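Per the numbering used here, residue 40 is the first one in the sequence shown, and the count goes up by one each step.
For every residue, glycine included, the Cβ atom is placed at its ideal position computed from N, Cα and C.
Remember, predicted model here, so these are calculated numbers, not experimental data.
All remarks here apply to the structure that follows.
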Amino acid sequence: MAVLKNIRVVLVNTAHPGNIGASARAMKNMGLNQVTLVQPKDFPSGVAVGRAASATDILESAVVVDSLQEAVADCGLVICASARSRKIPWPMLNPEKTAQKVVEEMGVTNIALVFGREDSGLSNEELQLGHFHVQIPAEEKYSSLNLAAAVLVICYEIHKAASKKNTDAQCQGAEIWDQEFATGDQVEHFYQHLEQVMIDIKFHDPKNPRQLMQRMRRLFGRVRLDVMELNILRGILTNIEHSMERKKD
Ligand code: SAH
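Structure below.
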């Protein structure tokens, strides 16, 4: 799958550079490649590079800014990840719905996925910059994930939703077939023709049919023949008949 475009992960005030590196790795695993760092405590950093493994390109192209406002200035959709529900209720999404929204809107606008500080998360002011909040369901008694683990869960859902969208599009493509599908009648004539030719060439003994025709029906049923394919097969059968007749003469 191609890199998911227009989606940036924003890490606010990250204290541990290892978390920045591990987040970059999680992003690359899932096909995302833009990270914005809001006042990171320690960046650039060798520790971040070490934890990024093969995702150092994401660190190299990281954008560093002074405030969350600046980080999301050109974004039409901002989603803030928060482990806790806050006093003011806010439109909430679960990770799956977040991914759906992101995949729907990624061609339309820039999207920011915002993650907070390891110790205190996002401030109320920062959370209010989000159109939505996303909470990853976890154990009530300990629902706060490691920052990079939270990044991974959200990016994984986005990757999954985007792959599904691709497969769905390919499946829809099958409906826009260049030929009409053969009708039941046409296929039935084909089976009769096939059976006759198999008898003529002594491949099939109608007195001892076993399950040959059932198997043939299942085989071609799985393929869902179109009219062109069916005509080719009938043409082959007709030519077999002609060459047998010529041999008889
Ligand atoms: N102790 C902080 C959590 C910090 S974890 C707090 O209570 O807010 C660092 C960041 O990871 C969080 O700001 C959030 O963006 C993300 N995160 C961690 N666990 C999460 C969860 N269960 N759901 C959504 N985001 C989560």
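- In terms of CA proximity to LEU107, LEU168 leads the group LEU168, GLY160, GLU179, SER124.
- ALA101 counts as buried, since at least 16 other C-beta atoms from the protein chains shown sit within 10 angstroms of its C-beta.
- Residue range 251-262 is occupied by the alpha helix (DSSP H) that includes PHE259, with no beta strand (DSSP E) assigned at that position.
- Closer than 7 Å to some heavy atom of ligand 1: that does not describe the Cβ of PHE171.
- Counting other Cβ atoms within 10 Å of its Cβ, LYS287 stays below 16 and is therefore classed as exposed.
- Counted as a single uninterrupted DSSP element, the beta strand (DSSP E) harbouring LEU50 occupies residues 46-51.
- For the pair MET267 and GLN218, the Cα-to-Cα distance works out to about 7 Å.
- Less than 8 Å separates the beta-carbon of ALA120 from that of ILE193.
- Counting of Cβ neighbours within 10 angstroms places ARG285 among the exposed residues, the total staying below 16.
- Residue state for LEU107 is assigned as helix, using DSSP reduced to three classes.
- According to the DSSP assignment, ALA120 belongs to the beta strand (DSSP E) that extends over 116-120.
- Taking the Cα of SER202 as reference, the smallest distance to any Cα among ALA138, ALA187, GLN231 is reached at ALA138.
- Beyond the five residues adjoining it in sequence on each side, ASP105 comes within less than 8 Å, by CB distance, of VAL77, GLN78 in the same chain, given in chain order.
- Assigned with DSSP and collapsed to three states, ARG156 falls in strand.
- In chain order, TRP216, GLN218, GLU219, PHE220, ALA221 place their CB closer than 7 Å to the CB of ASP265, counting only its own chain and leaving out the 5 sequence neighbours on each side.
- Setting aside the 5 residues that flank it on each side, LYS204 is surrounded in the same chain by VAL142, each with a C-beta closer than 8 Å to its C-beta; the list follows chain order.
- In the DSSP assignment, LEU166 falls outside any beta strand (DSSP E) and within the unbroken alpha helix (DSSP H) covering 163-166.
- Unbroken beta strand (DSSP E) runs of no fewer than 3 residues, entirely contained in the region 172-216, are not found.
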